[in-house]
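The following block contains the structure:
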């Protein structure tokens with residue numbers, strides 16, 4: 007168990023130092039994390055609503071931080087190019103995310119054109135039913151994306167690394183709240199980027 011949790015911590019550490027240097031991005035991740043915690047609670051009450059909150063609030067704020075605010079040039083802290091970081095990214099890099107986001111955007115359109123998804127589901131009635139079906143579709147997409155990449159990592163690395171990544175993703179909301187709750191205060195004080203230092207990063211590795 008200790009070795010497994012060490013793998014989870016390595017993935018968390020790399021994710022933070024490579025992809026969360028901007029305080030705006032960290033703050034948006036805090037908002038995203040809180041919304042995902044709410045979505046986790048809604049899973050036991052209304053799974054479709056949980057998916058809508060998770061995707062429309064959690065994923066939009068999270069990915070907006072990466073796309074619009076996180077620096078994409080040469081990373082002086084880690085002495086790595088953006089292309090290098092994208093190539094070694096364990097989870098969803100920008101290319102994989104673009105595919106996932108494309109499917110996410112297409113699902114409501116497909117349900118509008120074919121409420122039964124071409125005979126795959128029994129559609130609900132009315133606008134409320136349509137929104138409910140969209141939510142369930144997004145829930146299936148999120149679960150499917152998580153499962154697909156986890157199994158993919160079984161073959162790329164090992165089952166242990168795949169399960170470690172899945173554990174990291176599922177627990178990210180709680181971890182993000184724990185490490186980014188001060189980010190809005192730092193941002194308001196005028197600190198655009200986390201003052202990470204290469205020596206500190208190496209010490210935490």
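In our numbering, the protein residues as written are 7 to 211.
We put the CB at the ideal spot given by N, CA and C, even for glycine.
With a 10 Å radius around the Cβ and a threshold of 16 neighbouring Cβ atoms, residue 159 comes out buried.
Annotated as distal: residue 171 and residue 49, with beta-carbon spacing of 8 Å or more.
Residue 182 and residue 36 do touch by the CB rule: their CB atoms are close to 6 Å apart, below 8 Å. A check of alpha carbon separations from residue 135 across 121, 125, 147 and 148 identifies 121 as the nearest.
Cβ contact annotation for residue 88 (same chain, cutoff 8 Å, sequence separation greater than five): 78, 79, 80 and 81, in chain order. The continuous alpha helix (DSSP H) containing residue 150 extends over residues 132–162. Taking the Cβ atoms as the reference, residue 64 lies roughly 5 Å from residue 38, within the contact range of under 8 Å. In the DSSP assignment, residue 117 falls within the alpha helix (DSSP H) that extends over 100–119.
Three or more beta-carbon pairs drawn from the segment 141–149 and the segment 106–113 are found closer than 8 Å, and the two stretches are therefore classed as touching. By the neighbour-count criterion, in which 16 or more other beta carbons inside 10 Å mark a residue as buried, residue 19 falls on the exposed side. Look at residue 199 here: in three-state DSSP terms it is strand.
Per DSSP, reduced to three states, the secondary structure at residue 81 is strand. Within the DSSP secondary-structure output, residue 86 pairs in a beta bridge with 81.
Judged by their CB atoms, residue 71 and residue 42 are not nearer to each other than the 8 Å cut-off. When the beta-carbon positions are compared, residue 68 and residue 193 stay at least 8 Å from each other.
Distance between residue 157 and residue 138, taken at the CA atoms: about 29 Å. With respect to residue 149, residue 13 sits apart: the two C-beta atoms are not nearer than 8 Å. Secondary structure note for residue 183: its alpha helix (DSSP H) is the uninterrupted segment 165–186.
A Cβ-Cβ contact shorter than 8 Å links residue 186 with residue 32. Annotation: the continuous alpha helix (DSSP H) that includes residue 37 extends over 29–48.
Residues of the same chain with a CB within less than 7 Å of the CB of residue 117, apart from the 5 flanking positions on each side, are 123, 136, 139, 140 and 143 in chain order.
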